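> Okay, here's the structure, questions in a sec.
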Amino acid sequence: MATPRSDHRTKWLVTGPPLVFLLAFFLAPALIIVAASFRVPGEFGGLAPLFPAHPGEEGGVTAENYRVFFGDSVYFEIFLKSFAVAALTTLACLAMAYPVALLIARSPKRHRDLMVLLCVLPFASNFLVRVYAWMIMLGPFGLLFSQTAVLLAMVYVHLPFMILPLYTNLEKHDPALLDAAQDLGANGWQRFWRVTFPLSLPGVFAGSALVFIPVLGMFAIPEILGGIGDWLVGNMIKEAFLGVRDWPFGSMLSIMLTLCVLAIAAGAAWLAGRLGASETARA
Amino acid sequence: MRSAALFVELAGILAVFASFFAGEARYVAFAIGGGLVAVAAALGARGSRRSMPAFWLWFASLLAYAFLYIPLAIVVIFSFNDSKLNAEWVGFTTAWYGRLFANDTMLQAAANSLLIAVLSATIATLLGTMAGLAMHRFKPRLLPFLVFTPVAMPEILLGVSLLVFFLNSVRPVAALLGLGFDLGLATVVIAHITFSIGFVAIIVRARLSGMDESIFEAARDLGASPWQTFRLVTFPLILPGVIAGALMAFTLSIDDFVITFFTAGVGTKTLPLEIYTMIKVAVTPEVNAVSTLLMLLTLGMIVIAGRVAPDALRAKA
Chain R
2 MATPRSDHRT KWLVTGPPLV FLLAFFLAPA LIIVAASFRV PGEFGGLAPL FPAHPGEEGG
62 VTAENYRVFF GDSVYFEIFL KSFAVAALTT LACLAMAYPV ALLIARSPKR HRDLMVLLCV
122 LPFASNFLVR VYAWMIMLGP FGLLFSQTAV LLAMVYVHLP FMILPLYTNL EKHDPALLDA
182 AQDLGANGWQ RFWRVTFPLS LPGVFAGSAL VFIPVLGMFA IPEILGGIGD WLVGNMIKEA
242 FLGVRDWPFG SMLSIMLTLC VLAIAAGAAW LAGRLGASET ARA
Chain P
1083 MRSAALFVEL AGILAVFASF FAGEARYVAF AIGGGLVAVA AALGARGSRR SMPAFWLWFA
1143 SLLAYAFLYI PLAIVVIFSF NDSKLNAEWV GFTTAWYGRL FANDTMLQAA ANSLLIAVLS
1203 ATIATLLGTM AGLAMHRFKP RLLPFLVFTP VAMPEILLGV SLLVFFLNSV RPVAALLGLG
1263 FDLGLATVVI AHITFSIGFV AIIVRARLSG MDESIFEAAR DLGASPWQTF RLVTFPLILP
1323 GVIAGALMAF TLSIDDFVIT FFTAGVGTKT LPLEIYTMIK VAVTPEVNAV STLLMLLTLG
1383 MIVIAGRVAP DALRAKA
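Residue numbers (my numbering), protein chains in the order written: chain R, 2 to 284; chain P, 1083 to 1399.
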């Protein structure tokens, strides 16, 4: 018989290893980044010592990085641009994904799995391969190193993150609702905007969050397909760590990005929760 | 009428596709393709109102599927092209694959990728399965946050935080102990485990939540110890999920670029890092060849996953 005591031991045997691993290699590094954002960069990269050995030497703790960030509109503009690119990508993904997800959801059941698989299959290829594909496609047309190239690849790389949650939502809709709307005299357009689309909003928000968040942190696509002017937050972070090797500044940028991501995730969850609540209220 | 319009659209899509191989004629071919798609739209807009929504769904979806597949098809086709430029079809050759297999850096990178993927997938599967079981059975508070956040965060954040952690925290401690420590295979493996645990845990937990709790209770009532219950009841039931999770972790590791980029250091190369270096320096069809082979590898993994655990493909969503 399992006694409460052995149950307790089982709990720690099962929970302990992944917990310890993630505390060490996820939470600790995350906290170290927070601490690093208040430090001074070392002379040859990295961090200057917390307790300088000699007076007058660089080191210690400072809020300088945050002061620089909020004191210069350049950084604010790059964040704004990243948000704009993420928003455009999300909208474009939504426009492309919606018809596909709807078509699959309204197809006979036996075809659906195959149609979904056909949407996901291209994304089994490596991320860089998908970016490279746009490199060789746009190059001969003279479109390389442009904002257009960046946006096309952003949409291409993130499209399945929009299709899948949308489809999962649309698949659950009760066809009787549309029949009822039709009986009440709604035409096809009205049935879509008054019935299908409002019901699909949780899927829209889920998909949008899944596209928006990774685009915000992307550095490879602007670096490979864009010009210097097309740099986003991700490029600044990468440059701070590996280029100029100013870790504290890069850490501060990472914290800012994290805060943006958390705000978006919370916003999406709040919207989904509100929708859920209003659905229940209506039912 | 409507299906004729869709055929016209398809012809237009093929013309656009062909334009990428047409050399100097590319603008003409592209314009013809675009024109045909426009004609298809015009054809479709006429006719009965009743079948209108279905037509536009098909029309838009065909374009979307074309958008998904044309880029990859171009990469694959140019990998057999007898020209250094990915701009015009010249003739068939397998020379780029030959060069690939004679390229020692590339082979070393492939070997590293495989080693990292096997190691990280094994450990991530073990830890992820534990995490999935723990979250289902014991409902811990902190664990779900630690498991899911790395999955939801932009990869770059995990990458840079591990970079700072390894170089600024682990290295000094190792030095105090008289040990050398630098970025390399080991740090990449750890980084890959960190983001793979979540995917395995999600799949395993999804599998568990679909199960009838009473079988576990029955096993306990019949006197099975927790370990026996796990070995004889739980594990066989979740095994398809565990295998699917392992394949997923393997694929994620083989494919990862961003996190590897920050945690590999200068000496260690994986396939994605090598591809990145190549496309930044000089684009040759060798990149197409290695891309094609990578696609075949992941395709194989998906086929296996589909056989072993058909429901696991959906868990990827």
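Heads up, the beta-carbon is just placed ideally off N, CA and C, and yes, glycines get one too. All values derive from a computational prediction rather than experimental measurement.
Unbroken alpha helix (DSSP H) runs of length 4 or more, entirely within the stretch 1312-1347 of chain P: which are they?
1317-1337, 1340-1345, all fully within the stretch 1312-1347 of chain P.
> What do you reckon, are the CB atoms on P1236 (chain P) and P215 (chain R) nearer than 7 angstroms?
Contact flag set, yes.
> Check the Cβ-Cβ distances between P223 (chain R) and every residue of chain P, and say whether any is below 7 angstroms.
So no, P223 (chain R) is outside the interface.
> Sorted by chain position, which residues of the same chain lie with C-beta nearer than 7 angstroms to V1315 (chain P)'s C-beta, five sequence neighbours on each side aside?
Within the same chain, V1315 (chain P) has close Cβ partners I1297, F1298, A1301.
> Would L1240 (chain P) and I1341 (chain P) be called neighbours here (beta carbons separated by less than 7 angstroms)?
Cβ distance < 7 angstroms, so L1240 (chain P) and I1341 (chain P) count as in contact.
> Please confirm whether L23 (chain R) has its beta-carbon closer than 7 angstroms to some beta-carbon of chain P.
L23 (chain R) counts as touching chain P.
> Do the stretch 1093-1101 of chain P and the stretch 1140-1154 of chain P meet, that is, are 3 or more Cβ pairs less than 8 angstroms apart?
Because the criterion of three Cβ pairs below 8 angstroms is met, the stretch 1093-1101 of chain P and the stretch 1140-1154 of chain P touch.
> May I ask you to report which of helix, strand or coil DSSP gives L1167 (chain P)?
Three-state result, L1167 (chain P): coil.
> Residues of chain P with CB under 8 angstroms from R246 (chain R), in chain order?
Correct list: empty, because the minimum Cβ distance to chain P is about 11 angstroms.
> Kindly indicate which three-state DSSP category P1 (chain R) falls into: helix, strand or coil?
Here chain R covers residues 2 to 284 and nothing more, so residue 1 (chain R) does not appear.
> Which first and last residues belong to the alpha helix (DSSP H) in which N66 (chain R) is found?
It spans 65-72 - the alpha helix (DSSP H) in which N66 (chain R) sits, taken as one unbroken run.
> Are the beta-carbon atoms of S1195 (chain P) and A1371 (chain P) separated by less than 7 angstroms?
The answer is no: Cβ separation not under 7 angstroms.
> Where G140 (chain R) and K1351 (chain P) are concerned, what is the direct C-alpha to C-alpha distance, given to the nearest angstrom?
Their backbone Cα atoms lie some 27 angstroms apart in a straight line.
> Quick one: grab the DSSP three-state call for V196 (chain R).
Residue state, collapsed to three classes: helix.
> For I1188 (chain P), go through chain R and note every residue whose CB falls closer than 9 angstroms to its CB, in chain order.
In the sequence on display, residue 1188 (chain P) carries Met and not Ile. Simply none; closest approach about 14 angstroms.
> Mind listing the chain R neighbours of D1337 (chain P)? Cutoff is C-beta to C-beta under 8 angstroms, in chain order.
Under the 8 angstroms cutoff, chain R gives N127, F128.
> Based on Cα-Cα distance, which residue from P:V1365, P:T1374, P:I1386, P:L1381 lies nearest to I137 (chain R)?
Among P:V1365, P:T1374, P:I1386, P:L1381, the Cα nearest to that of I137 (chain R) belongs to P:V1365.
> Can you give the Cα-Cα distance for L20 (chain R) and G186 (chain R), rounded to whole angstroms?
Approximately 57 angstroms between the Cα atoms of the pair.
> Distance cutoff 7 angstroms, beta carbons only. Does A3 (chain R) sit that close to anything in chain P?
With a pLDDT of only 46 at A3 (chain R), under the threshold of 50, the placement of this residue in the model should not be trusted; the figure read from the coordinates follows. Interface residue, yes.
> Three-state secondary structure (DSSP) at L51 (chain R)?
It is coil, neither helix nor strand.
> Establish whether the CB of Y133 (chain R) and some CB of chain P are separated by less than 7 angstroms.
By this cut-off, Y133 (chain R) is an interface position.
> Of the choices P:F1141, P:K1221, P:T1231, whose alpha-carbon is the least far from that of G1094 (chain P)?
For the residues P:F1141, P:K1221, P:T1231, the minimum Cα distance to G1094 (chain P) belongs to P:F1141.
> Just list the residues that DSSP pairs P1222 (chain P) with in beta bridges.
Answer is none; P1222 (chain P) lacks a bridge partner.
> Would you say V1242 (chain P) and S83 (chain R) are within 7 angstroms of each other, going by their C-beta atoms?
For V1242 (chain P) and S83 (chain R), no; Cβs fall outside 7 angstroms.
> Following the continuous alpha helix (DSSP H) through N1250 (chain P), name the residue where it begins and the one where it ends.
No alpha helix (DSSP H) contains N1250 (chain P), which DSSP labels as neither H nor E.
> My output table needs one value for P1236 (chain P): the three-state DSSP class, helix, strand or coil.
DSSP places P1236 (chain P) in coil when its eight states are reduced to three.
> Please work out which residues of its chain come closer than 7 angstroms, Cβ to Cβ, to S201 (chain R), disregarding the five sequence neighbours upstream and downstream, and give them in chain order.
The residues are L167, N170, L171.
> Any idea which residues DSSP pairs P42 (chain R) with across the strands?
Per DSSP, R:L48.
> P91 (chain R) touches chain P at which residues, Cβ-Cβ below 9 angstroms?
Note that residue 91 (chain R) corresponds to Thr in the displayed sequence, not to Pro. Simply none; closest approach about 14 angstroms.
> How about A1346 (chain P) and V1271 (chain P): do their beta carbons lie closer than 7 angstroms?
It is not a contact, given that the beta carbons lie outside the stated cut-off.
> Using a Cβ-Cβ cut-off of 8 angstroms (strictly less than) and excluding sequence neighbours within five positions of L1304 (chain P), which residues of its own chain qualify?
No residues qualify anywhere along the chain.
> Does any CB atom of chain R fall closer than 7 angstroms to the CB of Y1358 (chain P)?
Judged by the 7 angstroms Cβ criterion, Y1358 (chain P) is in contact with chain R.
> Going by beta carbon distance, what residues of the same chain come within less than 8 angstroms of R1181 (chain P), once the five residues before and after it are set aside?
Excluding residues within five positions, the ones whose Cβ falls inside 8 angstroms are E1368, A1371.
> Between N1250 (chain P) and chain R, is any beta-carbon pair separated by less than 7 angstroms?
Chain R, which has a Cβ nearer than 7 angstroms to the Cβ of N1250 (chain P), makes this yes.
> Check whether chain P comes within 7 angstroms of G189 (chain R), counting only Cβ atoms and requiring the distance to be less than that.
Yes, because at least one Cβ of chain P sits closer than 7 angstroms to the Cβ of G189 (chain R).
> Using a Cβ-Cβ cut-off of 7 angstroms, state whether P1232 (chain P) counts as contacting chain R.
Yes, its Cβ sits closer than 7 angstroms to a Cβ of chain R.
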